[in-house]
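In my numbering, the protein residues as written are 126 to 435. Step one of this worksheet: look at the structure below.
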Amino acid sequence: MSGVKIIKIKSEDDGMRLNRWFLREYPGLSLARLQKLLRTKQIKVDGKRAETSTKLVAGQEMRLPPLDNEKISDERQRSSFEYDESYVLSLVLYKNKDLIAINKPSGLAVQGGSGTVRHVDGMLDALKFENDERPKLVHRIDKDTSGVLILARNRKSAELLTKAFREKNLHKTYLALVRGCPSKKSGEIKAPLEKNGEKMAVLPQGKPAVTSYHVLDEVGKKFALVEASPLTGRTHQIRAHLEYIGCPIVGDSKYFGEKRERIAGLKDKLYLHAYKIDLSEIYNKKLVISAPVPEYFHEAFQTLGIEFKE
Numbered sequence: 126m127s128g129v130k131i132i133k134i135k136s137e138d139d140g141m142r143l144n145r146w147f148l149r150e151y152p153g154l155s156l157a158r159l160q161k162l163l164r165t166k167q168i169k170v171d172g173k174r175a176e177t178s179t180k181l182v183a184g185q186e187m188r189l190p191p192l193d194n195e196k197i198s199d200e201r202q203r204s205s206f207e208y209d210e211s212y213v214l215s216l217v218l219y220k221n222k223d224l225i226a227i228n229k230p231s232g233l234a235v236q237g238g239s240g241t242v243r244h245v246d247g248m249l250d251a252l253k254f255e256n257d258e259r260p261k262l263v264h265r266i267d268k269d270t271s272g273v274l275i276l277a278r279n280r281k282s283a284e285l286l287t288k289a290f291r292e293k294n295l296h297k298t299y300l301a302l303v304r305g306c307p308s309k310k311s312g313e314i315k316a317p318l319e320k321n322g323e324k325m326a327v328l329p330q331g332k333p334a335v336t337s338y339h340v341l342d343e344v345g346k347k348f349a350l351v352e353a354s355p356l357t358g359r360t361h362q363i364r365a366h367l368e369y370i371g372c373p374i375v376g377d378s379k380y381f382g383e384k385r386e387r388i389a390g391l392k393d394k395l396y397l398h399a400y401k402i403d404l405s406e407i408y409n410k411k412l413v414i415s416a417p418v419p420e421y422f423h424e425a426f427q428t429l430g431i432e433f434k435e
């Protein structure tokens, strides 16, 4: 077939899911069309039929049909990259030879998905600095959650950090502005979680989940600023647990009872911030990385009369 290409998977793309690779390289290619190309065997990896979930391995050869129409123009691509390069560099909080920490804003996805073209994973080339390889994602935070996101700068660090996040050998602290106030000022929420439709639900058959929390300030029983730390790593754990105790996070479209409540004077955003990550135990030296609280949090604190000092 005229226009067919054979490309070799680069080392920096090792372990990337095939659908995310296409989202980055061919942003004009819809998921439905990608699935059709895979189904009809027009895309192959090392001569074999592939799936959207196929994990790519460095050195593999991928066969591609003509897809030039699914690429954005070179001029748009260049200007888009230049904008994203400047933007993601402005997010860097900390850098050493092993890792980079950025302050991910609310609304920016960590990885691509259906209908998501702009995401952190697509900007990582701008964070190579003196390295040949792009940094690697070792954990995720929700698209609408702001705060600290850690990137590994080499394979050894990626393995170490991935294991630490998986086994919970580090301490993460989140700030959440909630509707209502926990009956106890501090404690642990122990409630098993299991996926139920598009959200996580507290169900007896769910996986064990524990969140410790402490109320930093409150406005009567109407609002509270809560510091929360997940002791297990379930999807949407803090959001589901705070809803479970009757204190849903302000601006949460999934976990706010029957319907999200929009509060006059507050911006329509999710008020959950990944505030700090303590990596001291991993690197055997004091290393605590924190992300400044977003301006819309401070505006909400002022509106509601909540006291908070970073």
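Ideal Cβ positions, reconstructed from N, Cα and C, are used throughout, including at glycine.
Based on the DSSP secondary-structure assignment, which residues constitute the bridge partners of residue i?
i	result
P355	T336
E420	Answer by DSSP bridge pairing: none, since E420 is not bridged.
F381	E383
R142	K180
I168	Note: I168 sits in no beta bridge, so no partner.
L311	The question names Leu, but residue 311 in the sequence shown is Ser. In the DSSP output, where bridge partners are listed per residue, S311 has H339.
E319	A326
K130	L189
K229	G272
Put residue i into one of helix, strand or coil per three-state DSSP.
i	result
L300	strand
I407	helix
L218	strand
A326	strand
I414	strand
L192	coil
D209	helix
A157	helix
G247	helix
I363	helix
L148	helix
F290	helix
Y400	strand
F102	Residue 102 falls outside the range modelled here, since the chain spans only 126 to 435, and no answer is possible.
A175	coil
A283	helix
S136	helix
If I measure Cβ to Cβ from residue i and keep anything under 7 Å in the same chain, skipping five residues before and after, which residues do I get?
i	result
P260	I225, L249, L252, L276, A277 and R278
V217	I225 and I227
L285	I407
P396	The question names Pro, but residue 396 in the sequence shown is Tyr. Around Y396: A301, L302, I374, V375, G376, F422 and A425.
R387	D393
T428	G390 and L391
E435	P417 and V418
T298	E352, S354, Y400 and K401
Take residue i and list the residues in its own chain whose beta-carbon comes closer than 6 Å to its own, dropping the five residues that flank it on each side.
i	result
G305	G371 and C372
Thinking residue i and residue j are a contact (beta carbons under 8 Å), I'd like their distance in whole angstroms, please.
i	j	result
P333	P317	6 Å
R142	K180	6 Å
E313	V335	6 Å
V273	S415	7 Å
L156	E176	That pair is no contact at about 13 Å.
E258	E137	5 Å
T270	S215	Their Cβ separation, rounded to whole angstroms, is 19 Å, which puts T270 and S215 out of contact at 8 Å.
Could you name the residues of the same chain whose beta carbon sits closer than 8 Å to that of residue i, not counting the 5 residues immediately before and after it, in chain order?
i	result
V129	R188, L189, P190 and P191
Q236	R145, H244, V245, D246, L262 and R265
E432	D342 and F426
K166	R174
Y369	I314, A316 and V327
G430	V344
N294	K288, E406 and I407
Q330	P317 and E319
I132	E186, M187 and L189
Do the segment 223 to 230 and the segment 178 to 193 meet, that is, are 3 or more Cβ pairs less than 8 Å apart? no
Can we say the segment 413 to 427 touches the segment 377 to 384, given the rule of at least three CB pairs closer than 8 Å? no
Can you find at least 3 beta carbon pairs, one from the segment 398 to 416 and one from the segment 360 to 370, that sit closer than 8 Å? no
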